[in-house]
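If you count by the numbering used here, then the sequence shown holds residues 202 to 326, one letter each, in order.
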Amino acid sequence: MCCFSSERLSADNGSRVTLVNANAHGLFDDVQSDLAELDAINRKAFIAQITVWDGKKKTGSPKTGRMHLRPGAVYEFRQVHSVGFFSDIPKGSVQLDGAVADRVVETSPPLLKRKREGDLTECHS
């Protein structure tokens with residue numbers, strides 16, 4: 202699934218990730234602008250949401266178990282539980298765990314934005 206957006210939960214114990222089909226990866230900017238134009242009701246057919254709960258912090262450990270999900274990147278989610286629909290949007294949850302590092306795997310990074318020809322600057326020596 203391709204990450205459309207990601208936001209921290211208000212309790213700061215996880216992230217809510219809104220996803221679109223991984224086929225949108227190559228056209229992410231176009232898909233993002235098209236979905237932004239739709240209202241919430243019409244957007245439901247094109248998105249899914251997964252809550253990624255932070256791993257438990259162990260006493261004395263500097264790691265917090267947070268994962269930063271980047272819009273435009275493609276992720277594979279494993280061991281998704283509580284799968285269902287809420288307000289016609291497919292939803293699920295993943296619990297991060299330090300012992301199991303592969304529950305959320307980035308399979309493709311976001312595509313770099315290319316500069317348009319008019320944006321290029323020449324260096325003169």
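Glycine residues also receive a C-beta, built at the ideal position from the N, C-alpha and C atoms.
Segment limits, alpha helix (DSSP H) that includes residue i
i                 : result
glutamine 280     : Taken as a continuous stretch (DSSP letters only), glutamine 280 belongs to no alpha helix (DSSP H), as it is neither H nor E.
phenylalanine 229 : 229-238
arginine 244      : 241-244
C-beta contact flag for residue i and residue j at 8 Å
i             : j             : result
leucine 220   : aspartate 255 : no
glutamine 280 : arginine 244  : no
cysteine 204  : arginine 267  : no
threonine 308 : glutamate 277 : yes
glutamate 223 : valine 275    : Contrary to the premise, residue 223 reads as alanine rather than glutamate in this sequence. In contact: alanine 223 and valine 275 (Cβ atoms closer than 8 Å).
leucine 239   : glycine 273   : no
Residues bridged to residue i (per DSSP)
i            : result
arginine 209 : Ser216
Whole-angstrom distance between residue j and residue i, CA atom to CA atom
i              : j           : result
asparagine 214 : leucine 228 : 31 Å
isoleucine 242 : leucine 236 : 11 Å
threonine 322  : proline 310 : Here the model assigns threonine 322 a pLDDT of 47, short of 50, so the residue's position is not dependable, and the following value carries that caveat. Threonine 322 and proline 310: Cα-Cα distance of roughly 27 Å.
valine 218     : serine 288  : 16 Å
serine 234     : glycine 293 : 25 Å
cysteine 212   : glycine 285 : Before going on, a small fix: residue 212 reads as alanine here, not cysteine. The straight-line gap from Cα to Cα measures roughly 23 Å.
aspartate 230  : serine 216  : 22 Å
valine 232     : serine 283  : 28 Å
Best match in the options for proximity to residue i [C-alpha to C-alpha]
i                 : options                        : result
phenylalanine 247 : Val295, Pro291, Ala212         : Pro291
glutamine 250     : Ser234, Glu238, Leu239, Ser206 : Ser206
glycine 299       : His282, Lys258, His269, Val306 : Lys258
methionine 202    : Val232, His226, His282, Val295 : His226
valine 306        : Arg209, Leu210, His269         : His269
Boundaries of the beta strand (DSSP E) in which residue i is found, first to last residue
i              : result
isoleucine 248 : Note, isoleucine 248: premise wrong, no beta strand (DSSP E); not H, not E.
valine 295     : 290-296
valine 146     : The requested residue 146 does not occur in the structure, where the chain is confined to residues 202 to 326.
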